[in-house]
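In what follows, a single structure is set out as structure tokens and then discussed.
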Amino acid sequence: MLVNVKSYIRKPEVTELLSYAVFPDDKSLDGAIKHYEETESWKLYGFEDEKLLVGLIGFEIDEERVLTVNHLAILPENRLKGYGRGIFFELLEAQKPSRIITETDEDAVDFYRNIGFVVVSLGEIYPGVERFQCIYEVEDEEE
1 MLVNVKSYIR
11 KPEVTELLSY
21 AVFPDDKSLD
31 GAIKHYEETE
41 SWKLYGFEDE
51 KLLVGLIGFE
61 IDEERVLTVN
71 HLAILPENRL
81 KGYGRGIFFE
91 LLEAQKPSRI
101 ITETDEDAVD
111 FYRNIGFVVV
121 SLGEIYPGVE
131 RFQCIYEVED
141 EEE
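For the sequence shown, counting from 1, position 33 maps to 33 in the UniProt record's numbering; every step adds exactly one.
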């Protein structure tokens, strides 16, 4: 179940999860936390299973209903259990986006590919690190 965790982003269980989705240093984590606190359009939701916070997703959605994923993380011990997929299905239902876009690295690109995102290489944006743009076009519901 998705729950809004933005108001308690500084709780250790939330910051731990967010730390898995940012460059691994305290400065990057602090910057991300401040951005969520100061930017109303940035949303942050946790994914709970039996009241245990196992994942989170940070995003923004524009006036055309394009949802941009800024951060996605699952606790390491809960990866490969379907929680990431669950987050996206619940997000689709709750936010009703027209499209979802994100950027990721080689470690996570197969996750996005496996749940239906179209993946395009952006090349080596950072030295030695290939980045990918991932796009999910939401199909219109038939009436």
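Using N, Cα and C, we set each Cβ at its ideal position, and we do this for glycine too. Values in this document were obtained by computation on a predicted structure and should not be read as measured data.
Element boundaries [beta strand (DSSP E), containing residue i]
i, result
"residue 74", "66 to 74"
"residue 131", "129 to 137"
"residue 10", "No beta strand (DSSP E) contains residue 10, which DSSP labels as neither H nor E."
"residue 45", "43 to 49"
Extent of the continuous alpha helix (DSSP H) run through residue i
i, result
"residue 114", "109 to 114"
Reference residue i; option with closest CA among the options
i, options, result
"residue 74", "96, 108 and 99", "108"
"residue 57", "32, 25 and 139", "32"
"residue 139", "105, 120 and 66", "66"
"residue 105", "130, 68 and 84", "130"
"residue 83", "118, 94, 62 and 52", "52"
"residue 1", "54, 114 and 9", "54"
"residue 136", "81, 114, 35 and 11", "114"
"residue 63", "128, 99 and 92", "99"
"residue 92", "17, 128, 80 and 59", "59"
"residue 78", "27, 35, 49 and 134", "49"
Neighbour-count burial assignment, residue i, 16 or more Cβ in a 10 Å radius
i, result
"residue 102", "buried"
"residue 97", "buried"
"residue 120", "exposed"
"residue 69", "buried"
"residue 143", "Model confidence at residue 143 stands at a pLDDT of 44, short of 50, so the residue's coordinates are unreliable and nothing is read from them."
"residue 117", "buried"
Beta carbon of residue i nearer than 8 angstroms to that of residue j
i, j, result
"residue 111", "residue 122", "no"
"residue 39", "residue 29", "no"
"residue 37", "residue 61", "no"
message = Under 8 angstroms: do the segment 12 to 32 and the segment 73 to 93 share three or more Cβ pairs, one atom per stretch?
response = yes
query = Using 8 angstroms as the Cβ pair cut-off and three pairs as the minimum, do the segment 2 to 11 and the segment 38 to 47 touch?
reply = yes
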